[in-house]
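To convert, take the position in the sequence shown, counting from 1, and add 2; that gives this note's numbering.
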Amino acid sequence: MSTRRPALAAVWPRRFPAVSRAGWLVLAGAFAAFALSVGVMQSYTVYLIVFVQAFGWSRAETSIPYSVSQLAMGATSPLVGALVDRLGPRRLVLIGGGLMTLGLCATAATGALWHVVFSYGIVTTLGANCLGLVVFVPLLSRRFVRQRGTAIAIVQSANGIGRAAAMPAAEFAISSVGWRASYLVQAALVAA
Numbered sequence: 003m004s005t006r007r008p009a010l011a012a013v014w015p016r017r018f019p020a021v022s023r024a025g026w027l028v029l030a031g032a033f034a035a036f037a038l039s040v041g042v043m044q045s046y047t048v049y050l051i052v053f054v055q056a057f058g059w060s061r062a063e064t065s066i067p068y069s070v071s072q073l074a075m076g077a078t079s080p081l082v083g084a085l086v087d088r089l090g091p092r093r094l095v096l097i098g099g100g101l102m103t104l105g106l107c108a109t110a111a112t113g114a115l116w117h118v119v120f121s122y123g124i125v126t127t128l129g130a131n132c133l134g135l136v137v138f139v140p141l142l143s144r145r146f147v148r149q150r151g152t153a154i155a156i157v158q159s160a161n162g163i164g165r166a167a168a169m170p171a172a173e174f175a176i177s178s179v180g181w182r183a184s185y186l187v188q189a190a191l192v193a194a
């Protein structure tokens, strides 16, 4: 009786099934959602200039919503992680999309600095955090076993691509339809 173990190639396919077409669609959706959420959040620097011109706020005042956003992003990450464990990634993606859409629509209707701090700095940021790596890594880890590193790297690349595309897209939207309407366009994209 032999105690030799079977070759890895004989065991590998059974233990680690190939990724299905649905897995690749989930990866594409995660990439698109993460790129869009990062792009929306990072495009605030373009709107900062518009807010200074439209409301006469100083650059320091106009920077407050972005600072609040960065603090909220860090502070709510553990909460989002706990919610992923409790509710699951799919529900959090829906909640995140809803919060981002609501926050962007509210920012489009803003008239005061505190409105932007609340709508962008807190509501939109919490939504974006629900569309980030904290949510997508567990989702992809279940579908990609053999290619987990590749799948997560593809989603992480959405961070740079979203940031790079956001600035010119926001500038184009603002010059084409105005800053309020461009926030509504972003809200429609997130909702879709």
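Glycine included, each C-beta is placed from N, C-alpha and C at the ideal position.
- If you draw a straight line from the Cα of R93 to the Cα of L101, it is about 12 angstroms long.
- In the DSSP assignment, R144 falls within the unbroken alpha helix (DSSP H) covering L135 to R145.
- Burial state of T152 is exposed, judged by a 10 Å Cβ sphere holding fewer than 16 other Cβ atoms.
- A Cβ-Cβ contact shorter than 8 angstroms links Q188 with V42.
- V82 and S39 have their C-alpha atoms spaced approximately 15 angstroms apart.
- By the beta-carbon neighbour count (other beta carbons within 10 angstroms, threshold 16), Q44 is buried.
- Contact check for V125 against G99 fails: the beta carbons are separated by 8 angstroms or more.
- About 19 angstroms separates the beta carbon of L115 from that of I176, a gap too long to meet the 8 angstroms contact definition.
- With respect to the 8 angstroms criterion, P91 and V147 are not classified as neighbours on the basis of their beta carbons.
- Following the DSSP letters along the chain, one finds T109 inside the alpha helix (DSSP H) bounded by residues P91 to A110.
- Counting only unbroken stretches of 3 or more residues, no beta strand (DSSP E) element lies wholly within the region 55 to 89.
- In chain order, T127 and N131 place their CB closer than 7 angstroms to the CB of M75, counting only its own chain and leaving out the 5 sequence neighbours on each side.
- No residue range can be given for I124, since it is assigned to no alpha helix (DSSP H) and is classified by DSSP as neither H nor E.
- Here S45 carries a coil assignment [DSSP, helix/strand/coil].
- In the displayed model, Q188 falls within a helix according to three-state DSSP.
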